[in-house]
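Report on the following structure.
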Amino acid sequence: MKSGRKAETTAGKTRPAGKLARARKRWPSGLWALDGPWLPPGDDARPAGAVTVPAHIRRRLGAASLTGLAAAGLVVFGGQYLHTLDVAATRAHASDITVTGRVVDLRSASFELAYPVGDGKRLIWLPQRRAEPHGPGDQVEVVYSPADPLQVRYPEDIIMDRVGLLAGIMSIVAGTAGTIAAIRFGVLWWDRRRAVLRTGWRPAGLDLTEPGAVLADFADGSRIRLRPSAGLSRTYSRLAEVPGRTGFLAGSDTTMVLLTGLPDESWLMLPVRAVTERWLPRTSGRATAKPPRSGTSTPAVHAVVNSSRSRRR
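Taking my numbering, I'd label the letters of the sequence shown as residues 683 to 995.
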């Protein structure tokens, strides 16, 4: 393992040296900031017989694909439905007549319009438009139905069924949102599938006492802080109900996966991202701590490795 660079102290604040001194990296005071990989070196330690990771992720990708197709179909349906409504409304109002009337009287929020119908004239009260208020003597263009001359509207008014119009718009909005969510979910797990296959799994003890976060403790004594990548803080809070939880980690940086066991002997796989790179805590009684030798391990990691071995038997 590469030895890390010692944390620097500036203006009373501890920060890691070099590229680790970024605002998003929050480091405990007194540590070694490791320049090595996100996971400690070692062999793939996945729990034998408990879960097939690539197949598990492929199922999630398949679900994302089906959801995306269904959402895209909803968008197409909404667009086609609106087109059908528009064609039907255009045909229903094809015989409407457009005429120009004159304002003959005025009230606070409406005006009386005299407009020609055949050889005579009709009078009707219409509401004022905020963008274009009318006064006495103004010329106003309106459209009426020959079957009922009192059915008057402005030329730019919507002639489609309003309920159908709202349903079509909602279908398009819901389908678009579903498509975006499915694409995001698919990209999230596709990146993690590649990361899992690239790095393999490492056993770790898990501390979930911090709300919405997890502190992973590896066998070599190094640690890393993680947060959920897809709004899984409630799931984290449920996992924290079991003290001394152990699990496995794979991936790197923002494309990591946490694998932990459940009481019913099943395994839960969660997408997570690293809040810090790996670091080593300060050894008590010393000014700084050196990385432990690769043969050492923590009791929590011993437990998860032994659990994995028992499943293989």
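Just so you know, even glycine gets a beta-carbon here, dropped at the ideal spot from N, CA and C.
For residue 959, count the other beta carbons within 10 Å of its own beta carbon; 16 or more makes it buried, fewer makes it exposed. Which is it? buried
Let's see if you can read the secondary structure: which residues bound the beta strand (DSSP E) around residue 787? 779-788
Would residue 940 and residue 962 be called neighbours here (beta carbons separated by less than 9 Å)? no
Below 8 Å on the Cβ atoms is my guess for residue 886 versus residue 938; work out the distance and round it to an integer in Å. Wrong, their Cβ atoms sit about 11 Å apart, outside the cutoff.
Would you report the Cα separation of residue 798 and residue 838, rounded to the nearest angstrom? 20 Å
Roughly how many angstroms separate the alpha carbons of residue 768 and residue 848, rounded to a whole number? 13 Å
Quick check on residue 871: does DSSP put it in helix, strand or coil? helix
Cα-Cα separation, residue 855 to residue 757: 7 Å
Could you tell me if residue 807 is buried or exposed, where buried requires 16 or more neighbouring beta carbons within 10 angstroms of its beta carbon? exposed
Spatial neighbours of residue 874 within its chain, please: CB distance less than 7 Å, with the 5 preceding and 5 following residues excluded, ordered by chain position. 739, 933, 937, 939, 953
Note the first and the last residue of the continuous beta strand (DSSP E) segment covering residue 888. 884-889
Limits of the unbroken beta strand (DSSP E) element including residue 836: Neither: residue 836 is in no beta strand (DSSP E) and is coded neither H nor E.
Residue range of the beta strand (DSSP E) that includes residue 949: 949-956
Alpha carbon to alpha carbon, what distance is there between residue 881 and residue 872? 15 Å
CA-CA distance, residue 822 and residue 771? 23 Å
For a test of the three-state rule: what should DSSP assign to residue 906, helix, strand or coil? strand
Are the CB atoms of residue 796 and residue 783 within a distance shorter than 9 Å? yes
For residue 820, the nearest candidate out of 894, 852, 786 (CA to CA): 786
Got a sec, what are the start and stop residues for the beta strand (DSSP E) residue 721 sits in? Element bounds for residue 721: n/a, residue is neither H nor E.
By alpha-carbon positions, which one of 857, 778, 833 ends up nearest to residue 805? 833
Helix, strand or coil for residue 744 per DSSP? helix
Assign residue 641 to one of three DSSP states: helix, strand, or coil. No answer is possible for residue 641: the residues shown for the chain start at 683 and end at 995.
Any non-hydrogen atom of the ligand HEM closer than 8 Å to residue 851 Cβ: As far as ligands go, the structure on display features none, and thus does not contain the ligand HEM.
I'd like to know whether the C-beta atoms of residue 899 and residue 720 end up nearer to each other than 9 Å. no
If I follow the unbroken beta strand (DSSP E) through residue 896, where does it start and stop? 896-900
What are the boundary residues of the beta strand (DSSP E) that includes residue 794? 792-799
With a threshold of 7 Å on Cβ separation, who are the neighbours of residue 742 within its own chain once the five nearest residues in sequence on each side are excluded? 871
Going by DSSP, which residues form a beta bridge with residue 804? 797
Check for me: the beta strand (DSSP E) holding residue 934 runs from which residue to which? 928-934
What's the call for residue 774, buried or exposed, on a 16-neighbour Cβ count within 10 Å? exposed
Can residue 850 and residue 753 be called in contact, C-beta distance under 9 Å? no
Give me the Cα-Cα distance between residue 803 and residue 814, rounded to the nearest whole angstrom. 24 Å
Can you tell me whether residue 943 is buried or exposed, with buried defined as 16 or more other CB within 10 angstroms of its CB? buried
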